[in-house]
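Notes for the one structure printed next.
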Amino acid sequence: MFMVKSYAVNSIIQPSLPVVVINKEYRKSNNDDNKIILYDTADEPILNIKEDKSIKGLKIYDKDNTFKLIATISLKSLIKGNKYVIDYINQHTNKREKLDLKCDFFGESCGIFYGHEKDKAPMICNVLHKRNKFSDNNDQYCVQMASNVDAALMIAVAICFDILKHKK
């Protein structure tokens, strides 16, 4: 189950930060054991995430089916196991674009860059693992994003970050 506890869209530096709680028992569909579905507050499917072994990454689809591909997250290089490429269709321009996803060495945080990070692309989202003193079976992440960024896609990327870091 994924929950967004609080949510702010105005600025990456705004103090009230969205917190994503990821339960270890991911909410899955009945007919596909490795599909993770993200629901809205009305319990309607927004998107789903599936592992794709051919690209050593994940694919994000619209709603709860696999007909409309929204994005793929694949390993940038076998040498650099902490860098991924997010290939997606920009819903505003309807064009295919790429984002860089760079994770820290320990898997505690990642940054999503609009373009190539090495070309000094701006960071549009930051995902931070929150330590919980009273650890239950949940991981909590703080998701900070710039304005006019697709929040559902960034929440899906945060979930993918959790999946990828637990696969290592």
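Once you know that position 115 of the sequence shown is 115 in full-length UniProt numbering, the rest is easy, because the numbers rise by one and skip nothing. Cβ coordinates follow ideal geometry from the N, Cα and C atoms, glycine included.
Buried/exposed call for residue i, threshold 16 Cβ in 10 Å
i    : result
L78  : exposed
D100 : buried
A42  : exposed
Q144 : buried
K92  : Lys is not the amino acid found at residue 92; the sequence shown has His there. Exposed, by the Cβ-count rule.
F105 : exposed
C160 : buried
Alpha carbon of residue i to alpha carbon of residue j, nearest angstrom
i           : j    : result
L75         : Y84  : 4 Å
D64         : L38  : 8 Å
K165        : G107 : 6 Å
H116        : K98  : 8 Å
M154        : I163 : 14 Å
residue 175 : I60  : Within the shown structure, residues of the chain are numbered from 1 to 168, placing residue 175 beyond reach of any answer.
N148        : H129 : 23 Å
Y114        : L47  : 21 Å
E25         : C110 : With a pLDDT of only 44 at E25, under 50, the local geometry of the prediction cannot be trusted, and no value is derived from it.
R96         : D40  : 25 Å
Residue j beta carbon less than 7 Å from that of residue i
i           : j    : result
A146        : I124 : yes
L58         : I49  : yes
Y141        : A156 : no
D87         : T66  : no
residue 252 : N126 : Shown here, the chain extends from 1 to 168; a query on residue 252 therefore has no answer.
K56         : D62  : no
Residue i, enclosing alpha helix (DSSP H) - first and last residue
i    : result
H166 : 151-167
For residue i, the first and last residue of its enclosing beta strand (DSSP E)
i    : result
A52  : It is worth fixing the name first, because residue 52 is Asp in this sequence and not Ala. 45-52 is the extent of the beta strand (DSSP E) around D52.
S147 : It is not in any beta strand (DSSP E) - S147 carries neither H nor E in the DSSP assignment.
S74  : 69-75
S129 : According to the sequence displayed, residue 129 carries His and not Ser. Unbroken beta strand (DSSP E) run through H129: 123-130.
G57  : 57-62
F113 : 109-113
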